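Inspection log for the structure reproduced underneath, given as structure tokens.
In the numbering used here, the protein residues as written are 214 to 420.
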């Protein structure tokens, strides 16, 4: 079942959606991703208002929401309900929310995920109903990542899975750009099903 989400600007997108379809529907044009990190002609991007769409081989695999995106509509792009970031008990993601309020939401999200059958895991390899939350906070970044199972291993000992990544304003950016520290700057969601990197070398963990 395809899970569509409606963006603040009114566009409707979903994981696996055709790049050409989005170009035609919303009168936009894809461009090559940063060639230092991407594959020419394979990794393409489309920029909408406060949203970045990333494509792999013509299919949507990453949706990134950047401040001041308001999150008017629920963040529910995954077919598996427990993976989504829609409101819990009336509280959801909001534009410019503080890290403190986000952590509170994340705790509520965990409780609901567990009620839906998901389990927290401390291991790198994840089965289909497992997730792993990791934190990185230093001088250069303030990031929270939620890995969503199942995961797969690559030949180079890397690991891929669905997931959410959250970035918050750090002190240095706050001082240079006159922004509040600890404010949600961006959210990105990733669907490994449409990720072709190292795909031929590995299988899915837990299936």
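Even for Gly, the Cβ is constructed at its ideal location relative to N, Cα and C. These numbers come from a predicted model, not from an experiment.
Residue environment analysis places residue 238 among the exposed positions, since fewer than 16 neighbouring C-beta atoms fall within 10 angstroms of its C-beta. For the beta strand (DSSP E) assignment, the uninterrupted runs of no fewer than 3 residues enclosed by the region 302-354 are, from N- to C-terminal side, 343-350.
Residue burial annotation: residue 404 is buried, with at least 16 other C-beta atoms found within 10 angstroms of its C-beta. Comparing alpha carbon positions, the residue from 262, 376, 408 closest to residue 295 is 376.
The region 249-259 makes no contact with the region 318-336, as fewer than three CB pairs between them are under 8 Å. Around the C-beta of residue 250, fewer than 16 other C-beta atoms lie within 10 Å, and the residue is accordingly described as exposed. Residue environment: residue 381 is assigned as buried (16 or more neighbouring CB atoms within 10 Å of its CB, all protein chains considered). Put simply, the region 261-270 touches the region 215-231. At least three CB pairs are less than 8 Å apart. Counting the other Cβ atoms within 10 Å of the Cβ of residue 317 gives fewer than 16, which makes it exposed. Across the set 216, 247, 248, 266, the C-alpha of 266 shows the shortest separation from the C-alpha of residue 235.
For the 8 Å CB-CB criterion, residue 312 and residue 395 form a contact. Around the CB of residue 285, fewer than 16 other CB atoms lie within 10 Å, so the residue is classed as exposed. Fewer than three pairs of CB atoms, one per stretch, sit closer than 8 Å, so the region 275-292 makes no contact with the region 339-348. Under DSSP, residue 358 forms a beta bridge with 347, 378. Note that the C-beta distance between residue 291 and residue 242 is not below 8 Å.
Each residue's CA atom was taken as its position, placing residue 328 and residue 293 some 13 Å apart. Around the C-beta of residue 231, fewer than 16 other C-beta atoms lie within 10 Å, and the residue is accordingly described as exposed. In the three-state reduction of the DSSP assignment, residue 384 falls in the helix class.
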